[in-house]
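Here the sequence shown is numbered in my numbering, starting from 270 and rising by one per residue.
See below for the structure under consideration.
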Amino acid sequence: MGAYILRRLLLIIPTLLGIMIINFALVQFVPGGPVEQVIAQLQGQGDVFEGFAGGGQDGGDLQNEEIVGISGGDSKYAGAQGLPPEFIEQLEKEFGFDKPPLQRFLNMMVNYLTLDFGESYFRKISVIDLVLEKMPVSITLGLWSTLIAYLVSIPLGIRKAVKDGSAFDTWTSGAIIIAYAIPGFLFAIMLLVLFAGGSYWQVFPLRGLTSDNFDDLTFVGKALDYAWHITLPVVASTIAAFATLTLLTKNSFLDEIKKHYVMTARAKGLTENKVLYSHVFRNAMLIVIAGFPAVFIGVFFGGSVLIETIFSLDGLGRLGFEAAVARDYPVIFGTLFIFGLIGLVVGILSDMMYVVVDPRIDFDRREG
C-alpha cells in the first residue's frame, strides 16, 4: 500500500502541471482580460485615473480634455481609444502583461511552489485570504449535504434492496428519480417561494447564514440560528444526491445478496438481519463508503454557484464565478491550483478508504 500511495503522490505533479498548462493556454485565447476590464470601467468617467492604484505620475496630471484628445488608435485594446499609451503600458505592467506568456506561466508556477498565490487584481487581498474567507460557507453546504445524503440514502437503499420489486421499492424509486430530475436551482427557488415568504409561509430566512444579532446570542441560540438559516440551502443542494447514492446502495446489496456465501449463511440458520448486517453489509457498502471523500468534494465544488447566488451566500462558488467574469487571473489560477491539488489528494484518500473498509484489498498486489 505504501508503494502505491507513493506512486500516486508522484503522479500528482505531472497531472497538476498538465491542468495548469491547459487552462493557462486556453485563457490566452479567451477574449477580454483584466486590462480590458479596467478600460471598460474607466469609459465615461470624468477622470480616468481617479482611484487607480499605482498609475503613472504623468497620467495623473492630465486633464479630461487632454485625455480625450490623445489618440489610442494603435492600441491592441478595442476600448482604449482616448486613453494615453503610457497609461495602457502602466496598466499592463501592473498586471504583469509586459512579459511573454511563457515567462508569466513559469513565474506563476515558481510562486505556487512557495505557496505564494498572489493578490486579487480587483479586491487588493491575497488569494489565500480570499479563499479562507469564503471557505466556511462552502464547507457548510458540502459537509451537511453529504452527511444528510448518506444518512438518508444508505438506510433507504438497504430497505429497497430487501423489498426489491415491492410497492415500496416502486414508489420510492419514482420519487427519487423525480427529485433527481429537478434542477437544484429550480428546487431552491421553489423552496424560497414556499417557505421563505415568497408567496406562502415565512418559515425560514430568505438569505445569509446568520441573523443580524448572531453575536449577541447564546451558544445554543447561535446553533439554532445557524441551523435555521442553513436548512433551505442544504436541502436544495442535497436533493439530487439522494438518487445516485440510494440506487448505488440498493444495487450493491442486491449483487451481494445473490452470492453463494449469503446462501451458505442462510443455510446455517442465521437470521435475515444477521446475514444482512454481519455478512452482506461490509461487502455491499465498500463502494458506497469508500466514495465518501469524492462525493463530498463533488458537492463542495460542484453546483454551488447557483445555490449560493439564490440564497445570497458568499462562498467559493460565487468567488469562482465572479473571478471568471472579471478576469481576475490570480484568483482563477490560484483556486484552480489549490482545488486541483485537493481533488487529486482526495482521489488517493478514496483508494485508502477501500482498504479501511475492507483490509483484504491490496493495491500493490493488484498492480503487480
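Even glycine gets a Cβ: it sits at the ideal position worked out from N, Cα and C.
**Message:** Give the list of continuous alpha helix (DSSP H) stretches no shorter than 4 residues that lie fully inside the segment 393–481.
**Reply:** DSSP runs (the alpha helix (DSSP H)) wholly in the segment 393–481: 396–431, 436–450, 453–464.
**Item:** CA nearest to the CA of Gln306, picked from Ile607, Phe473, Ala592
**Value:** Ala592
**Message:** Going by DSSP, what residue range makes up the alpha helix (DSSP H) through Asp370?
**Reply:** It is Pro, not Asp, that sits at residue 370 in the sequence shown. Element bounds for Pro370: 370–382.
**Pro369 vs Arg596 beta-carbon contact at 8 angstroms** = no
**Message:** As a quick exercise: from Val472, Lys491, Thr487, pick the residue whose alpha carbon is nearest that of Thr479.
**Reply:** Measuring from the Cα of Thr479, the nearest candidate turns out to be Lys491.
**Message:** Quick test of your reading: Leu285 and Leu613, contact by CB under 8 angstroms. State the CB separation rounded to the nearest angstrom.
**Reply:** 6 angstroms
**Message:** The alpha helix (DSSP H) that contains Val549, what's its start and end?
**Reply:** Premise fails: Val549 is in no alpha helix (DSSP H) and is neither H nor E.
**Item:** Status (buried if at least 16 other CB within 10 Å, exposed otherwise) for Phe606
**Value:** buried
**Asked** From this set, Ile576, Phe522, Tyr469, which residue's C-alpha is nearest Thr507's C-alpha?
**Response** Ile576
**Asked** Buried or exposed: where does Pro541 fall if 16 or more other Cβ atoms within 10 Å of its Cβ makes it buried?
**Response** The question names Pro, but residue 541 in the sequence shown is Glu. Exposed, by the Cβ-count rule.
**Item:** Own chain residues within Cβ distance below 8 angstroms of Ser395, not counting five before or after
**Value:** Counting only Cβ-Cβ distances below 8 angstroms, and skipping sequence neighbours, we find Phe386, Gly387, Glu388, Ser389.
**Item:** C-beta contact flag for Val549 and Phe522 at 8 angstroms
**Value:** yes
**Message:** Quick check: the segment 369–383 against the segment 277–297, are at least 3 beta-carbon pairs closer than 8 angstroms?
**Reply:** yes
**Asked** Taking the alpha-carbon positions, what's the Gln359 to Leu585 distance?
**Response** 31 angstroms
**Item:** Residue closest to Lys527, alpha-carbon to alpha-carbon, out of Thr604, Leu545, Ile601
**Value:** Leu545
**Prompt:** When the Cα atoms are used, what is the spatial distance from Tyr495 to Ala536?
**Reply:** Roughly 52 angstroms separates the two Cα atoms.
**Request:** Decide if the segment 427–438 is in contact with the segment 449–464; the criterion is three or more beta carbon pairs, one per stretch, under 8 angstroms apart.
**Result:** no
**Message:** With distance defined between alpha-carbon atoms, name the residue in Tyr598, Ile281, Leu555, Ile499 nearest to Phe580.
**Reply:** Comparing Cα-Cα distances from Phe580 to each of Tyr598, Ile281, Leu555, Ile499, the minimum goes to Ile499.
**Asked** Whose C-beta lies closer than 8 angstroms to the C-beta of Leu588 among residues of the same chain, with five residues either side of it excluded?
**Response** Leu399, Val400, Lys403, Val600, Thr604
**Request:** Figure out for me which residue from Thr518, Leu516, Val472 has the closest Cα to the Cα of Trp497.
**Result:** Val472
**Request:** Would you mind stating whether Ala512 and Phe456 have Cβ atoms separated by less than 8 angstroms?
**Result:** no
**Message:** Just list the residues that DSSP pairs Glu388 with in beta bridges.
**Reply:** Ser395
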